[in-house]
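Trainee: After the structure tokens below, expect a handful of questions from me.
There are 2 protein chains.
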Amino acid sequence: MPTVTFKSHDREVEVPGGTVISDAARMVGIEVSMPCGGQGRCGRCAVVVEQGEVQRRSVARLSPEAISEGYALACQTTVQGDLVVTIPPQEKIERRLPASQRVAEVAVPLAYDPSTDQTLRKYFVQIEPPSLSDNTDDLARVRRALQAQHGAEVPRLKVELPVLRKLANVLREGQWKVTLVLETETWVSPDGPPRVVDVKTGDTTSSLWGAAVDIGTTSNVVHLVDLLTGRVVDSASDYNHQIARGEDIISRIIFASKPQGLGELQGLVLETINGLLRGLAERNGIATDEIYKMTVAGNSTMIHLFLGLVPDSIRLEPYITTTNQPPPVTASEAGVEINPLATVDCLPGVGSYVGADISAGVYSSDMCSLQDVSLFIDIGTNGEIVLGDCDWLISCACSAGPAFEGAGVQDGMRATAGAIEEVWIDDSTFEATYRVIGDEKPRGICGSGLISLLAEMFISGVMDKRGNLNLGLDTPRVREGDHGPEYVVAWSSESAAGREITINKVDVDNLLRAKAAVYAGFSVLARSVGIDLSSVGRILIAGAFGQYLDVENAVQIGLLPDMPRDRFKFLGNTSILGAYMALLSKEGRKGISELAQRMTYLELSADNTFHDEWMSALFFPHTNINDFPSVLELLEQNRHL
Amino acid sequence: MPTVTFKSHDREVEVPGGTVISDAARMVGIEVSMPCGGQGRCGRCAVVVEQGEVQRRSVARLSPEAISEGYALACQTTVQGDLVVTIPPQEKIERRLPASQRVAEVAVPLAYDPSTDQTLRKYFVQIEPPSLSDNTDDLARVRRALQAQHGAEVPRLKVELPVLRKLANVLREGQWKVTLVLETETWVSPDGPPRVVDVKTGDTTSSLWGAAVDIGTTSNVVHLVDLLTGRVVDSASDYNHQIARGEDIISRIIFASKPQGLGELQGLVLETINGLLRGLAERNGIATDEIYKMTVAGNSTMIHLFLGLVPDSIRLEPYITTTNQPPPVTASEAGVEINPLATVDCLPGVGSYVGADISAGVYSSDMCSLQDVSLFIDIGTNGEIVLGDCDWLISCACSAGPAFEGAGVQDGMRATAGAIEEVWIDDSTFEATYRVIGDEKPRGICGSGLISLLAEMFISGVMDKRGNLNLGLDTPRVREGDHGPEYVVAWSSESAAGREITINKVDVDNLLRAKAAVYAGFSVLARSVGIDLSSVGRILIAGAFGQYLDVENAVQIGLLPDMPRDRFKFLGNTSILGAYMALLSKEGRKGISELAQRMTYLELSADNTFHDEWMSALFFPHTNINDFPSVLELLEQNRHL
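Note that the protein sequences, when read in sequence, are chains A and B. Position in the first sequence counted from 1, then plus 50, gives you my numbering. Position in the second sequence counted from 1, then plus 50, gives you my numbering.
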């Protein structure tokens, strides 16, 4: 009989060939975590097979990389010979980490050269002190020295009041040895004179800081970037403090239309970002006013609120922004607490519902330089979708509504501590197991939890393809509730609030409409350019929500198309990645502008095929079940079709 | 016997030929005002001879224009035949009017054409409202309409946050018919994109307002200018509120170096200017934010304090400004309460003590386009002097000290109500008569009063050419006082303070040093370019103080050179005139910049001939009395030489 050695626990056991690893483990007293009850759906029982032969019945939720590293699902993998197995600590499997603790690992572009790529540059100059025989004014002396010592073209050096106000003192305190921070070029006036952003005593050319920012409706992220090396030195994130005034874009726009509402929302997002900047500066031992440039990505509403632009017309037909290409502003104008004269550059968007987060994200994904077609998706309140290749790009936004963000669902909540983020329903008992963020008692269900719940309800037969709950099942969990039929996910004894956590028919319908809107978006986009969804080379899933999205579940409910799993790529927060690329290089900044300008925007509400596509998608997974072969196979296995 | 008809009083009288007109008037009960006691020195008794022949014994204080209009001094003009005489109301002769009531009568340049001269322009545009099939953003729609309807080159139209923040509402409230205020060109970036200064609902192209400002150390003046016609529509002035923190430039600079001092002084001048702007706007039925451009002239210290630049180094050797050519700023940056995005353009100066008031003033005087040499003088705390013609310009500043502004003299005061502004001393009795601003009881003596007093003291023999008072005279007015010999101008019974108003030897010495510094300035400048003062074609006297300066008196004490009186021209406030010219036209603005750049600055403290010239000028009128032939003649008449 083969021997299985559990290296991590220093135990071994002899088992018959064909035994599943989880059983082998249990034989020597090792409990492998299996929230889904060993059905191969949750992926929590992943172990590493270091040596030996195994057979994997399922690799659900394992990435190709993980599999090549030896990961296998303990409940779905059988012993075929002597094995050495490591059971990794549960933390290694947990993908979700509290956002504020995550430090992005962003690769610096290989060829980064600040002297050519960067618009910011520091110059150390030594200036001749004035005398009665040479009483040239301070500023002219600076110009003269700069020209003599750096040969820069500075006859029309642009100097603004804040610099002039400190110039006399800085020159004298620095004994006529100072460092000038110049912005040699901005994308709005590439031929304009270089601008003096700051002047400091002594030689400070050994550091140069910038910040890249993503303003999400829910979360804001800031990267602190060393502009000399290009490295993301640190990163921080926080909930957008605007959340207290509305969870989603539409409620924020409505709040902004109240007296002082816009100013209040602007203040709240500034409070968030300034807090993050202060924290980063402190943690890295720099002053915030040493940060001399900031790029900002975000959806069009977030950019409007950040800049204090009136967002009303974004909400109302025909859905118009004030501008999709905001001009660069100074930090002091914007209210951002970095160097007051630092440029704050909000990246360009495409339209009201395809904002700078998408143009930056698509740019960072590199799909616009590839020959074959990619599908880029960012699912949140709105599902933004971009289809294209190196020659063309078309985008649309489907008003998915806030259901996937936990709003509009009775027990929905944001993905914070206490939210059920994954659910498993036993095929025979219909009992639920779940995982809660922070390992607390549950308070509600977040977006990824809802997708997981819907998939499990559908696959286990708790509900049918129309979303009707099966009241005939032998379980107290499916019952008639105040809002029609409902399924009890957690009993009151288990929950933090002391009440049951349920999902009812109204919730299911809301979610069904939302997922149908996204899928209809794919279909309309693909049809509008005459290609078939199945010919798409890769599906790029962007956004924080995308990071926690389970592809299997999403395909099972028909939110994502059923395609070979290796075509799905999770890109994480592409919005901040694009902002980082724009911060680093003129090329990057220009690239995003050009991309935003050439991206076509398809207004779905003006498209006459959208409604039909949406109606067809109002089923789990879809009217055309044949478009979802893997789901069909699973259902056939479970004999629920 | 000839008949004299006093038309204004409807009386007539027969008098023997050779009778002075003032005697003829007295014969029919008309008292002509003669503060100088009929000595032909004060010019207050001017009458208009409408018909008939007279002989003028003196035309002191009458301009050639006045003489050609028939003006004659009643006390110095004899009847030669039948006359018709009008005695004008005293107000017509009074040159001094309270500053706040004076409305500048500024001629609009004949060729003013706003479409070519002006950098500001309004465009009315009618914009296609957006629809689902044309969801171009607001700003891009504005650009498109502007281009289609006005053919303007606007691909890179510069738009700033405040305009973007209101754009959505203005477009919709205006039902897509709006007026854009564009600044099509600024002197710093003539090739840059036009900048949107404002956007307003409806068609507001029938008005376009600007303001020209002169920030004097003592007085601030604002012209409200209709930029469509070029006309100065209204004007207002006020004391610079900084006066409460120091009367002169040096004490202001010292105050600025205290903690919060600079901010306080900046706040005070802004308070002054904003108050004037508000008053002008209200009086003319416009809103302050309809004022879209402002040009500012003033000495370098005033410009530094206005912009919040550190002025310390202006005071300390080697006397350096932060910049002589401040960049244009927006009104909101500067703290000026006109349209927040209006350009506030501080005109360029030459150096620490030859500021924008002088470059603007010289430009407005047109001396730089003439073939023969002019001497431009602005006497205040500092006497700024410019010598030159169309080919060259050289300038200097002589630290006259604040004596001529009433400071550093025991009973000196500013030229406000209660200040003695003119004095006459009887040659035989040594009794003083004087004129007081506001016709009140006197409280002190202002600059023009001091010059008048010194001249009268010298000519009447109360003091000698060294400024020593003659204690041997038979009058109680010359006496030994606490600070040495003194002359009593007003007894305590006459004065408002109930104490005597006197001038003592210390005061006289201060004034002597001040006037010598100015005259030495002329001499050094003339010598430095190898010309003789007497060959100067015209002497241009600028500044508010110059307006009240009496040439005869100033020549008598040797403050001004003794030249034919028709070479003296009083230009009034040339600083505001230059600011107005820069406001009106690009040419004007450019002209002042070019002038400031080509004007040579001679640092007197670094010139080795200055001290000798100054020593020679420490006499009334000068060591070389032969350079003052008219004074010599007067002294010989009075037998005091």
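Cβ coordinates follow ideal geometry from the N, Cα and C atoms, glycine included.
1. Tell me whether P361/B is buried or exposed, calling it buried when 16 or more other Cβ atoms sit within 10 Å of its Cβ.
2. May I ask you to verify whether the region 190-210 of chain B touches the region 343-362 of chain A, counting CB pairs closer than 8 Å and requiring at least 3?
3. According to DSSP, is T650/B helix, strand or coil?
4. Check distances from the C-beta atoms of the region 636-659 of chain B to those of chain A and list, in chain order, the residues that come in under 9 Å.
5. Please list the partners that L357/B has in chain A, where partner means a Cβ-to-Cβ separation under 9 Å.
6. Going by beta carbon distance, what residues of the same chain come within less than 6 Å of K343/B, once the five residues before and after it are set aside?
7. With a threshold of 7 Å between beta carbons, is N374/A in contact with chain B?
8. Is it right to say M665/A is buried, meaning 16 or more other beta carbons lie within 10 angstroms of its own, or is it exposed?
9. Could you pull the start and end residues of the beta strand (DSSP E) that P114/A belongs to?
10. What's the C-alpha gap between L366/A and D662/A?
11. Is there a Cβ of chain A sitting closer than 7 Å to that of D163/B, yes or no?
12. Taking Cβ positions only, does H661/B come closer than 7 Å to chain A?
13. Since N270/A sits in a beta bridge, which residues does DSSP pair it with?
14. Could you name the residues of chain A that I370/B contacts, counting a contact when the two beta carbons are closer than 7 Å?
15. Closest Cβ-Cβ distance between E434/B and chain A: below 7 Å?
16. Looking at the structure shown, is R194/A part of a helix, part of a strand, or coil, going by DSSP?
17. Should S543/B go down as buried or exposed, given a rule of 16 or more other Cβ atoms within 10 Å for buried?
18. N290/B: which of D276/B, V271/B, S307/B sits nearest, CA to CA?
19. Can you have a look at G513/B and say buried or exposed, based on whether 16 or more other CB atoms are within 10 angstroms of its CB?
20. On a CA-only basis, which of R76/A, I293/A, S414/A, V574/A is nearest L590/A? Give me that one, please.
21. Since L645/A and S301/A are thought to touch, with beta carbons under 8 Å apart, how far apart are those beta carbons, to the nearest angstrom?
22. Along chain A, which residues have their Cβ under 9 Å away from the Cβ of N219/B?
23. Can you tell me which of the three DSSP states V54/B falls into?
24. What is the rounded straight-line gap between the Cα of G79/B and the Cα of D132/B?
25. Let me know the secondary structure DSSP gives S409/B once reduced to three states.
26. Taking the straight line between their C-alpha atoms, what separation do you get for D253/A and Q168/A?
27. Using a Cβ-Cβ cut-off of less than 8 Å, list which residues of the region 377-407 of chain A approach chain B; keep chain order.
28. So E314/A contacts chain B; which residues on that side make the cut at Cβ distance below 8 Å?
29. For L221/A, which residues in the same chain have their Cβ closer than 7 Å to its Cβ, ignoring the five residues on either side in sequence?
30. What are the uninterrupted segments assigned as beta strand (DSSP E) that are 3 or more residues long and contained completely in the region 438-521 of chain B, given in chain order?
31. By how many angstroms is the C-alpha of N324/A removed from the C-alpha of F595/B?
32. Which residue's Cα is closest to the Cα of I299/B: V97/B, I265/B, V283/B?
33. Count the other C-beta atoms from every protein chain shown that fall within 10 angstroms of the C-beta of C692/B, then say buried if there are 16 or more, exposed otherwise.
34. For N560/B, does the three-state DSSP call read helix, strand or coil?
35. For V528/A and D461/A, what's the separation of their Cα atoms in angstroms?
36. In the DSSP assignment, the beta strand (DSSP E) including A347/B goes from what residue to what residue?
Mentor: This is what the structure holds:
1. Counting from 1 along the second sequence, the entry for residue 361/B is found at position 311. Buried: at least 16 other Cβ atoms inside 10 Å.
2. no
3. In the second sequence, the residue the question calls residue 650/B occupies position 600. Three-state DSSP puts T650/B in a strand.
4. Y651, E653, S655, A656
5. Position 307 of the second sequence holds residue 357/B. Simply L211, L214, R215.
6. Mapped onto the second sequence, residue 343/B falls at position 293. Around K343/B: L170, G260, A392, T393.
7. Numbered from its first residue, the first sequence carries residue 374/A at position 324. Chain B contact via Cβ: present.
8. Numbered from its first residue, the first sequence carries residue 665/A at position 615. So M665/A ends up on the exposed side.
9. Taking the first sequence and counting its residues from 1, one reaches residue 114/A at position 64. Note, P114/A: premise wrong, no beta strand (DSSP E); alpha helix (DSSP H) at 114-118.
10. Reading the first sequence from its first residue, position 316 is the one you call residue 366/A. Reading the first sequence from its first residue, position 612 is the one you call residue 662/A. If you take the alpha carbons of L366/A and D662/A, they lie about 23 Å apart.
11. For the purposes of this step, residue 163/B is taken as the residue at position 113 of the second sequence. Chain A, which has no Cβ nearer than 7 Å to the Cβ of D163/B, makes this no.
12. Taking the second sequence and counting its residues from 1, one reaches residue 661/B at position 611. No, H661/B lies away from the interface with chain A (no Cβ there is under 7 Å from its Cβ).
13. The sequence position of residue 270/A within the first sequence is 220, counting from 1. Per DSSP, I265/A, D288/A.
14. Here residue 370/B refers to the residue found at position 320 when the second sequence is read from its first residue. Chain A residues near I370/B: P180, N185, D187, D188.
15. The residue labelled residue 434/B in the question sits at position 384 within the second sequence. With 7 Å as the cut-off, E434/B does not count as an interface residue toward chain A.
16. Locating residue 194/A in the first sequence gives position 144, where the first residue counts as 1. In this structure, R194/A counts as helix in the three-state DSSP scheme.
17. Walking along the second sequence from the start, residue 543/B turns up at place 493. Counting Cβ neighbours within 10 Å, S543/B comes out exposed, since fewer than 16 surround it.
18. Mapped onto the second sequence, residue 290/B falls at position 240. Ranking D276/B, V271/B, S307/B by Cα distance to N290/B puts V271/B first.
19. What you label residue 513/B is simply residue 463 of the second sequence in a count that begins at 1. First, the residue type needs correcting, since residue 513/B is Met and not Gly in the sequence shown. Its Cβ being crowded by 16 or more others within 10 Å, M513/B is buried.
20. Within the first sequence, residue 590/A is the residue found at index 540, counting from 1. Ranking the options by Cα distance to L590/A, first place goes to S414/A.
21. Counting from one through the first sequence, the residue named residue 645/A turns up at place 595. Counting from one through the first sequence, the residue named residue 301/A turns up at place 251. Not a contact, Cβ separation roughly 30 Å.
22. Taking the first residue of the second sequence as 1, we reach residue 219/B at position 169. Residues of chain A passing the Cβ test: V360, D362.
23. Translated into the one-based positions of the second sequence, residue 54/B becomes position 4. The answer is strand: DSSP assigns V54/B an E or B state.
24. For the purposes of this step, residue 79/B is taken as residue 29 along the second sequence, with counting starting at 1. For the purposes of this step, residue 132/B is taken as residue 82 along the second sequence, with counting starting at 1. Cα to Cα, the separation comes out at about 19 Å.
25. To locate residue 409/B, count along the second sequence from 1; it is residue 359. In this structure, S409/B counts as helix in the three-state DSSP scheme.
26. What you label residue 253/A is simply residue 203 of the first sequence in a count that begins at 1. What you label residue 168/A is simply residue 118 of the first sequence in a count that begins at 1. Their backbone Cα atoms lie some 19 Å apart in a straight line.
27. P377, V379, E383, A384, G401, S402
28. Counting from 1 along the first sequence, the entry for residue 314/A is found at position 264. Going along chain B, no residue has its Cβ under 8 Å from E314/A, so there is no contact; the nearest lies around 15 Å.
29. Residue numbering aside, residue 221/A sits at position 171 when the first sequence is read from its first letter. If we look at L221/A and ignore the five residues flanking it on each side, its Cβ neighbours are I177, D188, V228.
30. 443-448, 469-475, 482-486
31. As a position in the second sequence, residue 595/B is number 545, starting the count at 1. As a position in the first sequence, residue 324/A is number 274, starting the count at 1. Approximately 53 Å, taken between the alpha carbons.
32. Along the second sequence, read from residue 1 onward, the residue named residue 299/B stands at position 249. I299/B has its Cα closest to that of I265/B, out of V97/B, I265/B, V283/B.
33. Residue 692/B falls outside the range modelled here, since chain B spans only 51 to 691, and no answer is possible.
34. In the second sequence, the residue the question calls residue 560/B occupies position 510. Reduced to three states, the DSSP call for N560/B is helix.
35. What you label residue 528/A is simply residue 478 of the first sequence in a count that begins at 1. What you label residue 461/A is simply residue 411 of the first sequence in a count that begins at 1. Straight-line Cα distance between these residues: approximately 16 Å.
36. Locating residue 347/B in the second sequence gives position 297, counting from the first residue. From DSSP, the beta strand (DSSP E) with A347/B extends over 341-348.
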